[in-house]
Amino acid sequence: MAMAGGFAALTATSSNAASTPGCTAVYSVSSDWGSGFGAQVMITNNGPAWSSWTLTYSYAGNQTVQSGWNGNWTQSGKNVTVTNTSWNGAVASGGTVTPAANFGYSGTNQAPTSFAVNGVTCSGTGPTTPTTGPTTTTPSTTPSTTPSTTP
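Oh and the sequence shown: position 74 is 778 in the working numbering, straight run, nothing missing.
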């Protein structure tokens with residue numbers, strides 16, 4: 705599935721919310737040019753403040769990290785790991801951080817469906833595809849009078 709501008713909103717759930725902090729991860733593709741794409745993951749901390757964070761997720765296809773920012777990006781096979789930089793590790797409760805990267809791929813560009821932050825799985829609705837673009841309408845009738853040619 706090629707995604708251009710799609711996103712996935714994922715919210716953490718836990719059977720023991722008091723002892724397990726939650727997170728929300730929103731994955732979005734900013735552009736897809738057929739052999740590569742740009743994507744970001746907006747992470748929201750729904751629990752106590754973090755002094756550091758580690759985001760993990762996996763791709764189903766052959767997507768590979770080319771370059772990233774707002775985090776230290778590594779990849780082993782299909783598994784992607786992003787750790788905080790020296791300046792964005794502290795995330796307050798309710799705060800967000802948005803690591804982003806450019807990727808290469810061939811074939812389809814299926815979005816990841818599961819994310820974890822600091823070992824806590826963020827699960828939810830899964831990827832969605834962008835809505836269709838604006839539609840145009842044609843007037844239902846033509847003008848009833850013919851313009852005059854005399855001044």
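By construction, the Cβ of each residue, glycine as well, lies at the ideal position given by its N, Cα and C atoms.
- CA-to-CA, the gap between Val786 and Thr728 works out to about 15 Å.
- Under DSSP, Ala820 forms a beta bridge with Thr760, Thr825.
- If you compare the alpha carbons of Lys782, Trp791, Val745 with that of Ala804, the shortest gap goes to Val745.
- If only uninterrupted beta strand (DSSP E) runs of at least 3 residues are considered, those enclosed by the stretch 781-810 are 783-787, 804-808.
- For Val730, the closest C-alpha among the options Ala796, Ser818, Ser771, Ser797 is that of Ser818.
- In this structure, the alpha-carbon of Ala743 lies about 20 Å from that of Thr825.
- For the options Gly726, Phe741, Asn783, the alpha carbon positioned closest to that of Thr812 is the one of Phe741.
- Under a 10 Å Cβ-count criterion, Pro752 is classified as exposed, with fewer than 16 other Cβ atoms of the shown protein chains found around its own Cβ.
- Around Thr800, the same chain offers Met746, Ile747, Thr748 as residues with beta carbons nearer than 7 Å, after the five sequence neighbours per side are excluded.
- Shown here, Asn774 sits in coil according to DSSP, grouped into three states, outside any helix or strand.
- In the three-state DSSP reduction, Ala729 falls in the strand class (E or B).
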